[in-house]
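Encoded as structure tokens, the structure appears first; notes follow it.
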Amino acid sequence: MTDKQAYLQYVNRRAARSPVLRNCAAAFWVGGSICLGGQLLRALYRALGASPDAAGTLVSITLVFFSALATGLGIFDTIARYAGAGTLLPITGFANAVVSPAIDTKSEGFVLGVGAKIFTVAGPVLLYGTAASVLYGLIYWVYVLFS
Amino acid sequence: MSLFYECVAAFCVGGLLCVVAQLLIDLTRLTPARILVSFVVAGVVLSAVGLYEPLYRFAGCGVSVPLLGFGGALARGVREAVHTDGLLGVLTGGLSAAAAGTTAAMMLGLLCALIFKSRPKRA
Amino acid sequence: MGHIWEFEAPARVLSHASAVGREEFLGPLGSLFDYHDESDRFGAKTWEKAEGALGATVFNLALGRAGLSHTAIDLLLAGDLQNQCVASSGGLSVFGVPYLGLYGACSTFVEGLLVSALALNAAQPLSRVAVVTTSHNCAAERQFRLPLEYGGQRTPTAQWTATAGGCLLLERGRQGVCLTAGMAGRMVDGGVSDAANMGAAMAPAAADSLVRWFRESGESPTDYDAIITGDLGQEGSEILSDLLAMKGLSLSDRHRDCGVLLYDRARQDVHAGGSGCGCCASVTAALFLPQLLRGEMRRVLLMATGALMSPTSVQQGGSIVGIAPIVRMEVLEK
Numbered sequence: 018m019t020d021k022q023a024y025l026q027y028v029n030r031r032a033a034r035s036p037v038l039r040n041c042a043a044a045f046w047v048g049g050s051i052c053l054g055g056q057l058l059r060a061l062y063r064a065l066g067a068s069p070d071a072a073g074t075l076v077s078i079t080l081v082f083f084s085a086l087a088t089g090l091g092i093f094d095t096i097a098r099y100a101g102a103g104t105l106l107p108i109t110g111f112a113n114a115v116v117s118p119a120i121d122t123k124s125e126g127f128v129l130g131v132g133a134k135i136f137t138v139a140g141p142v143l144l145y146g147t148a149a150s151v152l153y154g155l156i157y158w159v160y161v162l163f164s
Numbered sequence: 575m576s577l578f579y580e581c582v583a584a585f586c587v588g589g590l591l592c593v594v595a596q597l598l599i600d601l602t603r604l605t606p607a608r609i610l611v612s613f614v615v616a617g618v619v620l621s622a623v624g625l626y627e628p629l630y631r632f633a634g635c636g637v638s639v640p641l642l643g644f645g646g647a648l649a650r651g652v653r654e655a656v657h658t659d660g661l662l663g664v665l666t667g668g669l670s671a672a673a674a675g676t677t678a679a680m681m682l683g684l685l686c687a688l689i690f691k692s693r694p695k696r697a
Numbered sequence: 045m046g047h048i049w050e051f052e053a054p055a056r057v058l059s060h061a062s063a064v065g066r067e068e069f070l071g072p073l074g075s076l077f078d079y080h081d082e083s084d085r086f087g088a089k090t091w092e093k094a095e096g097a098l099g100a101t102v103f104n105l106a107l108g109r110a111g112l113s114h115t116a117i118d119l120l121l122a123g124d125l126q127n128q129c130v131a132s133s134g135g136l137s138v139f140g141v142p143y144l145g146l147y148g149a150c151s152t153f154v155e156g157l158l159v160s161a162l163a164l165n166a167a168q169p170l171s172r173v174a175v176v177t178t179s180h181n182c183a184a185e186r187q188f189r190l191p192l193e194y195g196g197q198r199t200p201t202a203q204w205t206a207t208a209g210g211c212l213l214l215e216r217g218r219q220g221v222c223l224t225a226g227m228a229g230r231m232v233d234g235g236v237s238d239a240a241n242m243g244a245a246m247a248p249a250a251a252d253s254l255v256r257w258f259r260e261s262g263e264s265p266t267d268y269d270a271i272i273t274g275d276l277g278q279e280g281s282e283i284l285s286d287l288l289a290m291k292g293l294s295l296s297d298r299h300r301d302c303g304v305l306l307y308d309r310a311r312q313d314v315h316a317g318g319s320g321c322g323c324c325a326s327v328t329a330a331l332f333l334p335q336l337l338r339g340e341m342r343r344v345l346l347m348a349t350g351a352l353m354s355p356t357s358v359q360q361g362g363s364i365v366g367i368a369p370i371v372r373m374e375v376l377e378k
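Chains as they are written, first to last, in the numbering used here: chain H, 18 to 164; chain S, 575 to 697; chain U, 45 to 378.
Structure (structure tokens):
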């Protein structure tokens, strides 16, 4: 084990793995429950007379609201430590990624702190999601043009 | 389709998507940020090839609440905008469709920054 | 040709103090620290200032224990983990003591002890020197990782930056607990680039320093009551043991790691253990120094370990360079 590669192999081999089964079980039931909650909310908004599209949007806003509240109260990260991808992947994770830097960077001021840093975590999702949609839009535009 | 059936489908499909993301976190060297980006882009691609909408009809919030749905919304928005506005729609469609969730997150972020102060992590 | 400095005039530990945050207080050593703040804020508005206040707290406590005023201190050696060491300058500037800011990542405490021994061994030596190092979990999370409220999981090899600080006051003298020799570490790049496995990044430097120390001094680990490492954590400690075994060296039951001792890993979710400039400093001041003073130990080797990196270097995929300076502490009788 004289060279770096051998050392890295040794380090990677011995490093304890995350408890995959436990993590997956937690991600499944928490993530599934958030989606289930969304489905129930959707049914509620539909029953109150919202159109299918509006109901979907209202579900997103409601989930974003509860995630922001949990983040502000300091309980989101405790839940996420247990749930992993179960809270990360649903829109709850996106909301937490926007709200957490906002609270955290308040000490640097509302312009250069909150204003400039609010998308430090969620920025990649917005940028590359939008970029993918623009690329798709261009292809679709050409497709519509010739069909 | 009964509400019960919708709920079971949303729970199972949403849960399974989260398991896929968890496996990517635990078994690969991908950082969570890269995984989220992959899911959004995957949502756009699935919608482009016409798979997202059938999936959504089957599992409802099970696909729309995970970030896949963000991608699906972006793709659908751009598709509809291209039909109504042509080339301009390429630029306006995506973000318009995702505006509600994004704006809500931004405004709540600002509001939370006003109300709450940061707390120490607990071990 | 040697790398070990034997001090002509030993540096005597005049006074010591430690202070910690909530998690450290809840750990197995909790009752040993001189001061703790349940809120982790130390009376400051921001986490960065809290770390500065923590440094001022331990400095004041050490002065108080020695019955000295800060004007009796000729040189202040301090360091922390924040960019440009602003915790030390922000928290300690009020004292008006001549200051050298140090950076050795988590190894800064022993770096400070080495420099203090130099200052006390000069041709025209200073009479009293203070060494203060601090780290704060919240400030470190913000600078090196993610916002505090961000929800994520950490890998089992990750370490927990301690909210802790320690201070030693030293003077020339050969009675009581003294620093009698020291050695600077070599910068060792083991090729590890994973900031969530700092134990593995620092262990090669730790092994290099110990091998050089024992080869050059002709001593063996059994000549010491304890060989104390700063913050290798569980992962790094086990790797160190493997690396040393390959060089035919065994620390046997003498190895103690401050990062492992600071928390109860079964009860506290700190993964591989504690880290940070304050980890080694607070545990040394709260646990090992009193043991030496009470005569429960006579001779120890204190080696702090540092992972030299920045958030930018890690994002660019650069490997983390390790460093491990050593100081020998022993009880001398007149």
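Positions of the beta carbon are idealized from the N, C-alpha and C atoms, including for glycine.
* **Alpha carbon of G148(U) to alpha carbon of W204(U), nearest angstrom** => 18 Å
* Asked: Taking C-alpha atoms, which residue in A44(H), S84(H), R34(H) lies nearest to D600(S)?
  -> R34(H)
* To do: Can you check the segment 241-322 of chain U for any beta strand (DSSP E) of at least 3 residues that lies completely inside it and give the ranges in chain order?
  => 270-273, 299-301
* **Interface residues of chain S facing R59(H) [CB-CB closer than 7 Å]** => G634, C635
* Let me know the secondary structure DSSP gives T137(H) once reduced to three states. => coil
* Would you say Y194(U) faces chain H, with C-beta separation under 7 Å as the test? -> yes
* Asked: Alpha carbon to alpha carbon, what distance is there between F258(U) and G140(H)?
  -> 51 Å
* Can you give me the Cβ contacts of E260(U) inside the same chain, cut-off strictly under 7 Å, excluding the 5 residues immediately before and after it? => G46, H47, I48
* Using a cut-off of 8 Å between C-beta atoms, extract the partners of R608(S) located in chain U. => Chain U residues near R608(S): none, gap ~13 Å exceeds 8 Å.
* **Y79(U), DSSP secondary structure in three states** => strand
* Counting along the chain, where does the alpha helix (DSSP H) carrying G55(H) start and finish? -> 37-64
* Asked: Among A72(H), V81(H), I78(H), which has the Cα closest to the Cα of G634(S)?
  -> A72(H)
* What's the gap between the Cα of A671(S) and the Cα of A647(S)? -> 6 Å
* Just checking my contact of G277(U) with V236(U) at CB under 8 Å: how many whole Å lie between their CB atoms? -> About 13 Å separates the two Cβ atoms, so there is no contact after all.
* Asked: So, G108(U) versus V176(U), is the Cβ gap smaller than 7 Å?
  -> no
* To do: Could you work out which residue in Y153(H), G66(H), V159(H) is closest to G624(S) when comparing CA atoms only?
  => Y153(H)
* Asked: Can you give the Cα-Cα distance for V618(S) and T74(H), rounded to whole angstroms?
  -> 18 Å
* Asked: Taking Cβ-Cβ distances shorter than 7 Å, what residues in chain S pair up with Y79(U)?
  -> Those do not exist, as Y79(U) stays about 17 Å from chain S at its closest Cβ, beyond 7 Å.
* Answer with buried or exposed for A23(H), where buried requires no fewer than 16 other C-beta atoms within 10 angstroms of its C-beta. => exposed
* Asked: Which partner residues of P142(U) appear in the DSSP bridge assignment?
  -> Looking at the DSSP assignment, P142(U) forms no beta bridge with any residue, so it has no partner.
* Which of helix, strand or coil DSSP assigns to S124(H) -> helix
* **Proximal residues, the segment 306-323 of chain U versus chain S, C-beta separation under 8 Å** => Y307, Q312, D313, V314
* To do: Using a Cβ-Cβ cut-off of 7 Å, state whether Q26(H) counts as contacting chain S.
  => no
* Asked: Residues of chain H with a CB under 8 Å from the CB of N241(U): which are they?
  -> V28, A32
* Asked: Which residues in the same chain as D308(U) place their Cβ atom closer than 6 Å to its Cβ, once the five residues preceding and following it in sequence are excluded?
  -> G71, P72
* **Within chain H, the residues that E654(S) reaches when beta carbons sit closer than 8 Å** => The premise fails here: E654(S) is roughly 10 Å from chain H at the closest Cβ pair, so nothing lies under 8 Å.
* **CB of T90(U) within 7 Å of CB of A63(U), strictly** => no
* Can you give the Cα-Cα distance for V115(H) and Y99(H), rounded to whole angstroms? -> 20 Å
* **Extent of the continuous alpha helix (DSSP H) to which P400(U) belongs** => This structure cannot settle anything about residue 400(U), because the visible part of chain U is limited to 45 through 378.
* **Residue-chain proximity (G197(U), chain H), Cβ-Cβ < 7 Å** => The sequence given here places Gln at residue 197(U); Gly does not occur at that position. Output row for Q197(U): interface = yes.
* **is_contact[K123(H), chain U] using C-beta, thresh 7 Å** => no
* Going by DSSP, which residues form a beta bridge with M233(U)? -> Contrary to the premise, residue 233(U) reads as Asp rather than Met in this sequence. Bridge partners of D233(U): V365(U).
* Asked: When the cut-off is 7 Å and only beta carbons count, does R693(S) lie next to chain H?
  -> yes
* In chain U, which residues lie with their C-beta within 7 Å of the C-beta of P118(H)? -> P191
* **Contact check, C686(S) vs I120(H), beta carbons under 7 Å** => yes
* Return the bridge partner residues of C150(U) from the DSSP annotation. => G148(U)
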